[in-house]
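Just so we're aligned, residue 1 is where the sequence shown starts under the UniProt record's numbering, counting upward by one. Even glycine gets a Cβ: it sits at the ideal position worked out from N, Cα and C. Bear in mind the structure is a predicted one, so any value in this text is a computation, not a measurement.
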Amino acid sequence: MVKEENIEVQGTILEALPNAMFKVELDNKQVITAYVSGKMRIHYIKILPGDKVLVELSPYDLTKGRITYRYK
Numbered sequence: 001m002v003k004e005e006n007i008e009v010q011g012t013i014l015e016a017l018p019n020a021m022f023k024v025e026l027d028n029k030q031v032i033t034a035y036v037s038g039k040m041r042i043h044y045i046k047i048l049p050g051d052k053v054l055v056e057l058s059p060y061d062l063t064k065g066r067i068t069y070r071y072k
């Protein structure tokens with residue numbers, strides 16, 4: 001079986017939620033919840049409301065995602 005590819009989209013952090021979760025508004029105005037990827041957690045990359053981020057979405061559930069990059 002071929003592994004499904006993740007969908008990468010850009011968004012803006014709206015607010016921080018408990019358990020290192022964030023509300024993210026995507027460029028298409030959809031609001032999702034996303035968590036910080038493991039590499040960002042290990043390297044102590046801080047994310048604040050208003051930051052531009054890159055989010056990976058699974059093709060199976062488009063309401064949850066993983067934050068993989070924070071733009072400078």
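**Prompt:** What are the boundary residues of the beta strand (DSSP E) that includes Ile13?
**Reply:** Start and end: 7 to 17.
**Message:** If contacts are defined as beta-carbon pairs under 8 angstroms, then Thr63 and Ile32 qualify, I think. What distance do you get, rounded to the angstrom?
**Reply:** 5 angstroms
**Prompt:** Does DSSP put Gly65 in a helix, in a strand, or in coil?
**Reply:** strand
**Request:** With a 10 Å radius around its C-beta and 16 neighbouring C-beta atoms as the bar for buried, classify Ile67 as buried or exposed.
**Result:** buried
**Prompt:** Can you tell me whether DSSP reads Lys52 as helix, strand or coil?
**Reply:** strand
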